[in-house]
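Chemist: In the working numbering, the protein residues as written are 88 to 434. Just so it is clear, CB atoms sit at the ideal spot from N, CA and C, and this is done for glycine as well.
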């Protein structure tokens with residue numbers, strides 16, 4: 088059994104302190120009147136927030152992002168104000184993985200209302216996190232099958248939104264909750280707008296879904312070699328990619344052992360891979376080391392998990408990031424497809 092993390096030991100104590108602070112804060116702060124104020128949605132991370140914004144566009148719904156740009160849910164501890172924000176929300180959307188264990192505790196303690204929450208891991212079949220140097224293939228006949236880690240992952244991968252096929256289910260679930268919401272600020276005309284927005288957004292997600300399928304089918308090499316944490320289990324499963332990962336999906340590691348570096352270099356050389364991948368806003372030092380040793384090129388795939396305040400303020404969206412990923416994979420895997428129709432579909 089894995090040892091409890093420091094965060095897992097600290098959070099219960101922190102939540103107890105926060106509960107006392109919330110009581111005082113709630114007394115002093117003005118309370119929300121659900122019958123007179125806007126319908127409020129709070130989402131735990133950027134991708135979920137962006138989905139909610141897309142479905143509720145051109146309506147009086149107020150959307151809030153809990154974990155602000157520049158921060159990660161993996162090292163996030165809620166403040167009393169954050170918990171109070173959840174309590175006052177008409178709908179709180181979260182994933183439900185290990186990083187959200189504090190939310191499950193608040194639900195167990197009835198500090199937040201279950202009827203006002205949407206847990207997204209309930210919607211899909213969970214995938215386990217990749218372990219270091221675990222290669223996953225559809226039939227285990229490819230060269231990457233020789234590079235499995237001796238350890239087996241048991242933690243659930245939380246990055247369910249990385250696959251547009253999952254995003255279709257997530258946005259449908261958000262709409263379903265809005266369609267039956269009882270609030271004076273949500274009228275039948277607003278529900279009509281929600282439905283129209285959902286149809287438009289689903290058309291764009293389906294365009295991305297088909298593009299990734301086409302890129303995978305046309306690729307000369309479908310193995311993604313990641314010299315970084317690997318938050319793309321749902322993505323590779325949905326689109327029939329293979330992968331080799333230096334670190335697990337939620338790892339905060341950045342330095343690999345000499346054995347890991349040697350195995351990655353050996354795989355790239357043996358399989359004549361032309362690409363090494365990293366994720367957004369990491370140094371890419373390991374990826375560059377392997378690229379220097381093999382002649383491969385470093386590419387960045389965005390998990391839509393961590394965005395900077397500057398990216399958020401200039402209106403970067405989930406669709407923008409997924410289109411960028413499509414362009415990257417199309418080039419890195421030599422699929423060489425014409426993506427102009429996809430770009431037009433996402434406008």
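Taking the alpha-carbon positions, what's the residue 166 to residue 197 distance?
Modeler: 17 Å
Chemist: Contact check, residue 426 vs residue 268 under 8 Å by CB: the rounded distance?
Modeler: No, residue 426 and residue 268 are not in contact; Cβ-Cβ is about 37 Å, not under 8 Å.
Chemist: In the structure shown, what three-state DSSP assignment does residue 206 receive?
Modeler: If DSSP states are grouped into helix, strand and coil, residue 206 belongs with the strands.
Chemist: Just reading off the beta strand (DSSP E) that residue 388 is part of, what are its end residues?
Modeler: 384–388
Chemist: Which complete alpha helix (DSSP H) runs does the segment 317–347 hold, if anything under 4 residues is left out?
Modeler: The qualifying runs are 320–326.
Chemist: Which residue or residues does DSSP assign as beta-bridge partners of residue 149?
Modeler: 127
Chemist: Cα-Cα, which of 249, 314, 280 is closest to residue 393?
Modeler: Nearest option by C-alpha distance: 249.
Chemist: Quick check: what's the CA-CA separation for residue 168 versus residue 258?
Modeler: Answer to the nearest angstrom: the Cα atoms are 27 Å apart.
Chemist: Tell me the rounded alpha-carbon separation between residue 357 and residue 389.
Modeler: Straight-line Cα distance between these residues: approximately 27 Å.
Chemist: Taking C-alpha atoms, which residue in 152, 216, 129, 171 lies nearest to residue 400?
Modeler: Checking every option, the nearest Cα to that of residue 400 belongs to 152.
Chemist: How about residue 343 and residue 360: do their beta carbons lie closer than 7 Å?
Modeler: Cβ atoms of residue 343 and residue 360: not closer than 7 Å.
Chemist: Are the segment 174–183 and the segment 309–328 touching, with three or more C-beta to C-beta distances below 8 Å?
Modeler: no
Chemist: Buried or exposed: residue 420, going by 16 or more other Cβ atoms within 10 Å of its Cβ?
Modeler: buried
Chemist: If you draw a straight line from the C-alpha of residue 210 to the C-alpha of residue 372, how long is it?
Modeler: 36 Å
Chemist: Excluding sequence positions up to five away, which residues of its chain have a Cβ less than 7 Å from the Cβ of residue 206?
Modeler: 181, 183
Chemist: Would you mind stating whether residue 139 and residue 261 have Cβ atoms separated by less than 7 Å?
Modeler: Going by C-beta atoms, residue 139 is nearer than 7 Å to residue 261.
Chemist: Can you give me the Cβ contacts of residue 243 inside the same chain, cut-off strictly under 8 Å, excluding the 5 residues immediately before and after it?
Modeler: 184, 185, 208, 213, 214, 215, 216
Chemist: Using the rule of at least 16 other Cβ atoms within 10 Å of the residue's Cβ for burial, across every protein chain shown, is residue 283 buried or exposed?
Modeler: exposed
Chemist: Three-state secondary structure (DSSP) at residue 395?
Modeler: Note: residue 395 maps to coil in three-state DSSP.
Chemist: Got a sec? Which residues, its chain only, sit under 7 Å from residue 272 by beta carbon, not counting five neighbours each side?
Modeler: Same-chain partners within the cutoff: 125, 126, 147.
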